[in-house]
Amino acid sequence: MSKAATVKEAVKETLVGSTEPEQYSVQTKARFNRYAVKDPATGELYLGPEQFIDAIAPPHEDYHKIKREQYSILFHVADRTNKGKLSLADWGYFENILSKPDAEYEIAFRLFDVDRLGTVKYEDFRNLYELNKSPDTIPFDWDCEWAKLYIGGKAKRHSMNYQQFSQMLRGLQGERVRQAFQRFDANGDGFIEPEEFATIIQQTAKHKLSDHLLENLHTLCNISQGSKVSYANVRAFLNMINEMDLVELIVRRACSKSKDGRITRAEFLNQAAKITRFSLFTPMEADILFHFASLDEPSGRLGLRDFTKVLDATWRRRDEEEDARPVGAKSTGQNFLGQALESAYNFGLGSIAGAFGAFMVYPIDLVKTRMQNQRGADPGQRLYNNSIDCFRKVIRNEGFRGLYSGVLPQLVGVAPEKAIKLTVNDLVRNWFTDKQGQIWWGSEVFAGGAAGGCQVVFTNPLEIVKIRLQVQGEVAKSVEGAPKRSAIWIVRNLGLVGLYKGASACLLRDVPFSAIYFPTYSHLKRDVFGESQTKKLGVVQLLTAGAIAGMPAAYLTTPCDVIKTRLQVEARKGDTAYTGLRHAAKTIWKEEGFRAFFKGGPARIFRSSPQFGFTLAAYELLQTTIPFPGGKGEAKGVSGVAEAVSTLKEKAVDSPFYRSRNALKILLDLDEHFGRTPLGPNSQGWKALPGWMGTKTA
Numbered sequence: 001m002s003k004a005a006t007v008k009e010a011v012k013e014t015l016v017g018s019t020e021p022e023q024y025s026v027q028t029k030a031r032f033n034r035y036a037v038k039d040p041a042t043g044e045l046y047l048g049p050e051q052f053i054d055a056i057a058p059p060h061e062d063y064h065k066i067k068r069e070q071y072s073i074l075f076h077v078a079d080r081t082n083k084g085k086l087s088l089a090d091w092g093y094f095e096n097i098l099s100k101p102d103a104e105y106e107i108a109f110r111l112f113d114v115d116r117l118g119t120v121k122y123e124d125f126r127n128l129y130e131l132n133k134s135p136d137t138i139p140f141d142w143d144c145e146w147a148k149l150y151i152g153g154k155a156k157r158h159s160m161n162y163q164q165f166s167q168m169l170r171g172l173q174g175e176r177v178r179q180a181f182q183r184f185d186a187n188g189d190g191f192i193e194p195e196e197f198a199t200i201i202q203q204t205a206k207h208k209l210s211d212h213l214l215e216n217l218h219t220l221c222n223i224s225q226g227s228k229v230s231y232a233n234v235r236a237f238l239n240m241i242n243e244m245d246l247v248e249l250i251v252r253r254a255c256s257k258s259k260d261g262r263i264t265r266a267e268f269l270n271q272a273a274k275i276t277r278f279s280l281f282t283p284m285e286a287d288i289l290f291h292f293a294s295l296d297e298p299s300g301r302l303g304l305r306d307f308t309k310v311l312d313a314t315w316r317r318r319d320e321e322e323d324a325r326p327v328g329a330k331s332t333g334q335n336f337l338g339q340a341l342e343s344a345y346n347f348g349l350g351s352i353a354g355a356f357g358a359f360m361v362y363p364i365d366l367v368k369t370r371m372q373n374q375r376g377a378d379p380g381q382r383l384y385n386n387s388i389d390c391f392r393k394v395i396r397n398e399g400f401r402g403l404y405s406g407v408l409p410q411l412v413g414v415a416p417e418k419a420i421k422l423t424v425n426d427l428v429r430n431w432f433t434d435k436q437g438q439i440w441w442g443s444e445v446f447a448g449g450a451a452g453g454c455q456v457v458f459t460n461p462l463e464i465v466k467i468r469l470q471v472q473g474e475v476a477k478s479v480e481g482a483p484k485r486s487a488i489w490i491v492r493n494l495g496l497v498g499l500y501k502g503a504s505a506c507l508l509r510d511v512p513f514s515a516i517y518f519p520t521y522s523h524l525k526r527d528v529f530g531e532s533q534t535k536k537l538g539v540v541q542l543l544t545a546g547a548i549a550g551m552p553a554a555y556l557t558t559p560c561d562v563i564k565t566r567l568q569v570e571a572r573k574g575d576t577a578y579t580g581l582r583h584a585a586k587t588i589w590k591e592e593g594f595r596a597f598f599k600g601g602p603a604r605i606f607r608s609s610p611q612f613g614f615t616l617a618a619y620e621l622l623q624t625t626i627p628f629p630g631g632k633g634e635a636k637g638v639s640g641v642a643e644a645v646s647t648l649k650e651k652a653v654d655s656p657f658y659r660s661r662n663a664l665k666i667l668l669d670l671d672e673h674f675g676r677t678p679l680g681p682n683s684q685g686w687k688a689l690p691g692w693m694g695t696k697t698a
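Residue 540 in full-length UniProt numbering sits at position 540 of the sequence shown, with consecutive numbering throughout.
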């Protein structure tokens, strides 16, 4: 071996490492073995260009504006010896580069380091650029002053090391845009047409932008009063898209601190000033961000979903997502069936959770009913002195099971009650909610009242049965030989009309209860606990909000509940028989006084608050424990900017695809056509490709 060859091999070994056996991770070996094919001559496993693409760009990934075949350009980096196939050592070398924090720039450097000596020659860089650029690319002047500062003039060209090359690469896109602007600005007035601006961005940054941005580039002129685009507009736009990660962080934090999850331009700039040491974003850059984010729905206040259309390059329009559904996607009929099944699933969980909540507080409900049914103003005529005394006497006289007298009808009635109440409230609220998600408080009250009114159809028959079963124990104690009736006997005895006895009082109770409860619950979540589009409340916060909202709703409607109970309970011998709502109210006032209307009020509070708490806790637990089969899981879906970026960063650690994609994006900053030059199965490096121009372009 000659001395020159020995020196070259030594340099290669220094750059690419020794050829001694290396220890590779299990993941590296597994990925290589999964895609490798066997060489028929030697029997060794290897990756050709096609297998390499499969390994770093799996077919199931979303490539959006990057063609999958463009990943083949990275094969030149992994193929250290220009054999046209990769061994396990080559693959391990490539994955090692991907694991570095500056992998994107190092891959680009090694790609242009044709001789693999640790420097990039101007000739090689220029030749590769000419070989990969699109035929209709806006010309780039390599003899400009900017290029001379990095690579020297024609007479004194010099090679670039890794640090110099990566810094040059970082500024190259900006210089391309500047030269393109000057080419379109033929009269030199500093303005170009919106369509020309769109052409520049399409050629220099298309791979980084969302469909929403690309389709509306020509509207950039609308941020000013003129109809043309200035160079200041172009620079501001580039600065904004080049700092998308920082913009996302600012938007995320600002929205999380907003009560309704929406922010204004001023709030964005204020948050930006807090995060950065100095004002990184100019007013024009903020104008551009808010302009594109608010195109679909012009508004001064924007939420994460609005910004996602600008900041997330994978965002697509709803109609495009429907058109792009894979083969085998659900038809309209299947979607309807799926929605019906999911509704049934939610109804079932709500029924179970509601039954659990009702069961846990049923003893309190029984005490409340007994207290409300107790008549007579004279203390000597009362069976119970207070709620605690009632609780003790029920256990002493009827046993622990007495606390659950009539529990079965209550559990059966919870399912339709909860389903009707929640569904009607949501439906009416949606009718009155505007596009900004705002609703007038009067509409909130009306929605709650409507929900309470609709539930009476189901709850009144079941409540009258429950109440009669609840007071059976005290009747048996006071009237010797009184028969014990079953729920079925009571239903048959009452008949259809009798089951709706006291329905007017039930309406009088349930309508105001829901009218108070739902708006209070909604405002507690939003105004006290800070629920928004970006902040999801925890179970404890939801339980607290539900419990607090139930207190005023339960106590203020106690008079209606007292009247309802008196009307629905079967009058005993010697007791006043009420003929109607008005008669019951007058009689109670006359015989027992005003305080009688609030009998059992504390018991109603102690029952309603924990009941809502138990119900919500059980519902949350059931949703987590028994998820809907095939459900998307709203909490797990990538629906916002923050979630999308977070998911991307997490996956980047586990898969070479994400780092490869980022490296390819830097190459596409040079020209969107990079990587489309086909690689043959026996490629011997860049210089063997058709069209290689050697040093002629120097």
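Ideal Cβ positions, reconstructed from N, Cα and C, are used throughout, including at glycine.
Looking at the backbone, the Cα of Gln225 and that of Thr219 are separated by about 12 Å.
Relative to Glu592, the option among Arg566, Trp146 and Tyr150 whose CA is nearest is Arg566.
Here Leu670 carries a coil assignment [DSSP, helix/strand/coil]. Distance from Ile138 to Arg178 at the Cβ level is roughly 11 Å; contact not present, criterion being Cβ atoms closer than 8 Å. Relative to the Cα of Leu117, the nearest Cα in the group Phe94, Asn161 and Glu417 belongs to Asn161. If you draw a 10 Å sphere on the C-beta of Gln455, you find 16 or more other C-beta atoms in it, and that means buried.
Arg676 is positioned such that its CB atom lies closer than 8 Å to that of Gln70. In the assembly as shown, Cys144 is an exposed residue. Its beta-carbon has fewer than 16 other beta-carbons within 10 Å. Among the bridge pairs identified by DSSP, Ile263 is matched with Leu302.
Only buried fits His212, as 16 or more other CB atoms lie within 10 angstroms of its CB.
Here the alpha carbon of Tyr122 sits roughly 18 Å from the alpha carbon of Ile666. Between Arg604 and Ile490, the alpha-carbon positions lie close to 25 Å from each other. For Leu537, the three-state secondary structure derived from DSSP is coil. Distance from the Cα of Leu542 is smallest, within the candidate group Leu524, Leu217 and Ala55, for Leu524. Residues of the same chain with a CB within less than 7 Å of the CB of Val120, apart from the 5 flanking positions on each side, are Phe109, Phe112, Asp113, Ser159, Met160 and Phe165 in chain order. Taking the Cβ atoms as the reference, Leu302 lies roughly 7 Å from Phe290, within the contact range of under 8 Å. DSSP, reduced to helix, strand and coil, places Ser230 within a strand of the structure shown.
As DSSP reads the structure, Lys38 sits in a beta bridge with Leu45.
For Leu289, DSSP assigns no beta-bridge partner whatsoever. In this structure, the alpha-carbon of Leu664 lies about 51 Å from that of Asn425. About 5 Å separates the beta carbons of Arg429 and Ala447, which is inside the 8 Å limit, making them a contact pair.
The residues Leu246, Leu249, Ile250 and Arg253, in chain order, have a CB closer than 8 Å to that of Ile275 in the same chain once the five nearest residues on each side in sequence are set aside. CA-to-CA, the gap between Phe432 and Gly442 works out to about 10 Å. Burial check for Thr459: the Cβ neighbour count within 10 Å reaches 16 or more, so the residue is buried. Classified as buried, Asn373 has 16 or more neighbouring CB atoms from the shown chains inside 10 Å of its CB.
In the DSSP assignment, Cys506 falls within the unbroken alpha helix (DSSP H) covering Ala503 to His523.
DSSP lists Val229 as the beta-bridge partner residues of Ile192. Under the DSSP assignment, Cys390 falls in the alpha helix (DSSP H) whose first and last residues are Ser387 to Glu398. By alpha-carbon distance to Met371, the top candidate from Ile151, Gly601 and Ala355 is Gly601. Taking all protein chains shown into account, Asp124 has 16 or more neighbouring C-beta atoms within 10 Å of its C-beta and is therefore buried.
Residue environment for Gln410: buried (at least 16 other C-beta atoms within 10 angstroms of its C-beta). Take Lys393, set aside five residues on each side of it, and no residue of its chain has a beta-carbon closer than 6 Å to its own. Following the DSSP letters along the chain, one finds Ile488 inside the alpha helix (DSSP H) bounded by residues Ala487 to Leu499.
Ranking Leu214, Glu61 and Phe75 by CA distance to the CA of Lys85 puts Phe75 first. The C-beta separation of Lys206 from Ile241 comes to about 11 Å, leaving the pair out of contact by the 8 Å criterion. With contacts defined as CB atoms closer than 8 Å, Ser87 and Tyr35 fail to qualify as a contacting pair.
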